Amino acid sequence: MNPDAGGYDLLANRQVPDLVPEQVERFTVEALRAKPVRSFDPQAALHRLRAGGEKTVIAVDIGGDKLIALSYNIRDGLLLQLAEVLARRGDGGSAYLDGLEEVANLARRKTLSVGISFAGPTDGTKLLAGPNLPVFTAELHDRCGGDFAGLFPAVAVANDAEAGIMAGALEAAKRYPETQNVIYVINGSGIGGAVLTDNMIFAAEPGHIQVEPRLNPFGQHKSCGMDGATYVCIELVAASKAGVEDIWLQQKGKRLNGKEIAAKYLAGDHMALDLYENSALVTAHAIKGMARAFGLPKDFDGTVVVGHGGIFEVPGYPKRVCSILGKDLPTVPRMLFTKDFSTNACLDGAAIAAATKREPDTAQ
Numbered sequence: 397m398n399p400d401a402g403g404y405d406l407l408a409n410r411q412v413p414d415l416v417p418e419q420v421e422r423f424t425v426e427a428l429r430a431k432p433v434r435s436f437d438p439q440a441a442l443h444r445l446r447a448g449g450e451k452t453v454i455a456v457d458i459g460g461d462k463l464i465a466l467s468y469n470i471r472d473g474l475l476l477q478l479a480e481v482l483a484r485r486g487d488g489g490s491a492y493l494d495g496l497e498e499v500a501n502l503a504r505r506k507t508l509s510v511g512i513s514f515a516g517p518t519d520g521t522k523l524l525a526g527p528n529l530p531v532f533t534a535e536l537h538d539r540c541g542g543d544f545a546g547l548f549p550a551v552a553v554a555n556d557a558e559a560g561i562m563a564g565a566l567e568a569a570k571r572y573p574e575t576q577n578v579i580y581v582i583n584g585s586g587i588g589g590a591v592l593t594d595n596m597i598f599a600a601e602p603g604h605i606q607v608e609p610r611l612n613p614f615g616q617h618k619s620c621g622m623d624g625a626t627y628v629c630i631e632l633v634a635a636s637k638a639g640v641e642d643i644w645l646q647q648k649g650k651r652l653n654g655k656e657i658a659a660k661y662l663a664g665d666h667m668a669l670d671l672y673e674n675s676a677l678v679t680a681h682a683i684k685g686m687a688r689a690f691g692l693p694k695d696f697d698g699t700v701v702v703g704h705g706g707i708f709e710v711p712g713y714p715k716r717v718c719s720i721l722g723k724d725l726p727t728v729p730r731m732l733f734t735k736d737f738s739t740n741a742c743l744d745g746a747a748i749a750a751a752t753k754r755e756p757d758t759a760q
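Sequential numbering of the sequence shown, starting at 397, is according to our numbering.
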C-alpha cells in the first residue's frame, strides 16, 4: 500500500504522534448517533453485478450546489460511465426538480432503474430533510409527498455516506475478498462517516464528537451546534472547510480555500503544515473511534478503511493518517481512498444501489 505515491510529503518529516486515549473513548454508538440504514453484502452485490449480464442504469448525485445524472453500463462487475444525462445548478436546489422530471421521463422511455445519492437524511425512497436545499425539499414535498418513488418507476435512494460506503465496500471486496468490515470516513466540508459490519450499513456522525483540548491546538472556540451542543466538535478543528479553512481565517485574517492552503503547505508554510498534521491526527482518531464503538477487531483484522474527501488529495495526508494508525496498531490497516478508484463515489454508489436493488430497500 502506498497511499500517495509521488506526493511531496512534508508531514513524513515529523515524528508520528500518539493517539489520545480519552478522545478515542468518546466514540460510542450513542455519541455517533449511529443508526442502521441499509442491508448490504459487498460480496453478494459483486456476484450479482458479475452474474447479471450487461445492464444500463441511471445514477443521480444530488449535492448542495449541483445535481448531476450519468448513465452507467454495468458489465462483469465493472461500473462504466457512459454519458452525462443532466447537470443542474440552482440556488437552494431551485432547478433540481424539473431536471429530475426529465431524468424520470428518460428512465420510463428506456425502462431503466435509477439510483439516487442525496446529501441529507433519507428513509427508503423518502427525503427526510435537506438543510442546504430548501427550495428542492419544499418542491419535492409539494409534488410528490417528499418521495422520490413519486417521480421514478424504479428507484433506489441513499444518502451520500451510504452511497459512498457502497462504492468503497465494493472496491474493498474486489481487492480484499476476506473483507468483513468497512469504515468510511469523509473529510470535506465537515467530517462524516459510515460503518459496514455484519452486512449492515450504519450511518454515523463522527464529526460531532466533542474534541479533547489536546487536539485543539489553535483554540477553536466555535460551538458544534448539533442538537444544541455548545462544545467544540472534531470537525471544527479537523475538517477541510469547517476546520482547516476556518482556523486559517481566524489566525491569519484572510480567507483561503482548501487548495490555496494546500499550496501554502507545499511551499513550506508552518501553520498550514500544523493544520494538516492536526487534521490527520484527528481523522485517525475518528477511524479508531468508530472501530471501537462498533466492536470491530482491535487489530483491524478483516477491516478496510475507505477515505473520501478533498483533504485526502493533499500530498502526504493519506500516508500520515495511515502512519498514525499504524503506530497505534500491530500493523498498518488496509486503507483505500476514493480518489484512486472513482471520479465520483456517490454516483458509483447510486449506480450500485440501482443495479442491486431488492425489496425491502432499507433496514427495518
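Heads up, the beta-carbon is just placed ideally off N, CA and C, and yes, glycines get one too. Computed from a predicted structure; not experimentally measured.
- Quick one: is N501 buried, meaning 16 or more other Cβ sit within 10 Å of its Cβ, or exposed? By the 10 Å Cβ count, N501 comes out exposed.
- 8 Å Cβ cutoff met for G564 and A741: The Cβ atoms of G564 and A741 sit closer than 8 Å to each other.
- From what residue to what residue does the alpha helix (DSSP H) around L677 run? Where L677 is concerned, the enclosing alpha helix (DSSP H) stretches over 666–689.
- Query: Taking the C-alpha atoms as reference points, what is the distance between A689 and L496?
  - Reply: One alpha carbon belongs to A689, the other to L496, and they sit about 38 Å apart.
- Q646 burial status per 10 Å Cβ neighbour count (16 or more: buried): Classification of Q646: exposed, given that the 10 Å Cβ count is below 16.
- Query: In its own chain, which residues sit with a C-beta less than 8 Å from the C-beta of E755, not counting the 5 before and 5 after it?
  - Reply: In this predicted model, E755 has a pLDDT of only 45, less than 50, meaning its place in the structure is not dependable; the value taken from the coordinates is given anyway. So no residue of the chain qualifies.
- Can you list, in chain order, the residues of its chain whose CB lies under 6 Å from that of G489, leaving out five sequence neighbours each side? Excluding residues within five positions, the ones whose Cβ falls inside 6 Å are L529, V531, F532.
- Could you check what DSSP says for Y627 in three-state terms: helix, strand or coil? In the structure shown, Y627 falls within a coil segment according to DSSP collapsed to helix, strand and coil.
- Cβ-Cβ distance between D543 and A515 below 8 Å: Taking a C-beta distance under 8 Å as the contact criterion, D543 and A515 do not qualify as a contact pair.
- Starting from Y580, trace the beta strand (DSSP E) both ways and give me its first and last residue. That run of the beta strand (DSSP E) goes 577–583.
- Message: For the beta strand (DSSP E) containing P432, name the first residue and the last one.
- Response: For P432, the uninterrupted beta strand (DSSP E) segment begins and ends at 431–435.
- Which two residues bound the contiguous beta strand (DSSP E) that contains E574? Per DSSP, E574 lies in no beta strand (DSSP E) and is assigned neither H nor E.
- Report the rounded CA-to-CA distance for K753 versus R651, giving the unit in angstroms. Near 44 Å, if we compare the C-alpha coordinates of R651 and K753.
- Item | Test item: CB-CB of I630 and A682 under 8 Å | For I630 and A682, yes; Cβs fall inside 8 Å.
- E498, enclosing alpha helix (DSSP H) - first and last residue: According to the DSSP assignment, E498 belongs to the alpha helix (DSSP H) that extends over 492–506.
- Query: CB-CB under 6 Å to F733, same chain, minus the five flanking residues each way: which ones, in chain order?
  - Reply: Answer for F733: G703, F708, P714, listed in chain order.
- Just to check, is the beta-carbon of M686 closer than 7 Å to a non-hydrogen atom of the ligand ZN? In the structure on display, the ligand ZN does not appear, and there are no ligands present to speak of.
- Query: What residues are listed by DSSP as bridge partners for N469?
  - Reply: As computed with DSSP, N469 is found in a beta bridge with T452, L476.
- Task: Tell me, to the nearest whole angstrom, how far the beta carbon of A635 is from that of G586; I am working on the premise that it is less than 8 Å.
- Result: The pair is a contact, with the Cβ atoms about 5 Å apart (cut-off 8 Å).
- Message: Quick check on the burial criterion: 16 or more other C-beta atoms within 10 angstroms. Buried or exposed for D744?
- Response: Buried is the call here.
- Query: So, is M397 buried or exposed, given that buried needs 16 or more other C-beta atoms within 10 angstroms?
  - Reply: Because M397 carries a pLDDT of 45, less than 50, the predicted location of this residue cannot be relied on, and no value is offered for it.
- C-alpha distance - P726 paired with K694, whole-angstrom precision: Distance between the alpha carbons of P726 and K694: 9 Å.
- Task: Use the C-beta contact count for Q419: other C-beta atoms within 10 angstroms, 16 or more gives buried, fewer gives exposed.
- Result: Classification of Q419: buried, given that the 10 Å Cβ count is 16 or more.
- Message: Between which two residues does the alpha helix (DSSP H) holding F532 run?
- Response: Segment 530–540, the alpha helix (DSSP H) holding F532.
- Message: Less than 7 Å between C-beta atoms, sequence neighbours within five positions excluded: which residues of the same chain meet that for A569?
- Response: Around A569: P438, Q439, L442, T575.
- Task: May I ask you to report which of helix, strand or coil DSSP gives I643?
- Result: In the structure shown, I643 sits in a helix (DSSP, three-state: H, G or I).
- From T739 to E498, what does the alpha carbon distance come to, in whole angstroms? If I take the Cα positions, the gap works out to 24 Å.
- Cα separation between G403 and P711? With a pLDDT of 43 at G403, under the threshold of 50, the modelled position of that residue is not reliable, and the figure given next carries that caveat. CA-to-CA, the gap between G403 and P711 works out to about 5 Å.
- Query: Are there 16 or more other CB atoms within 10 angstroms of the CB of N409, so buried, or fewer, so exposed?
  - Reply: It counts as exposed.
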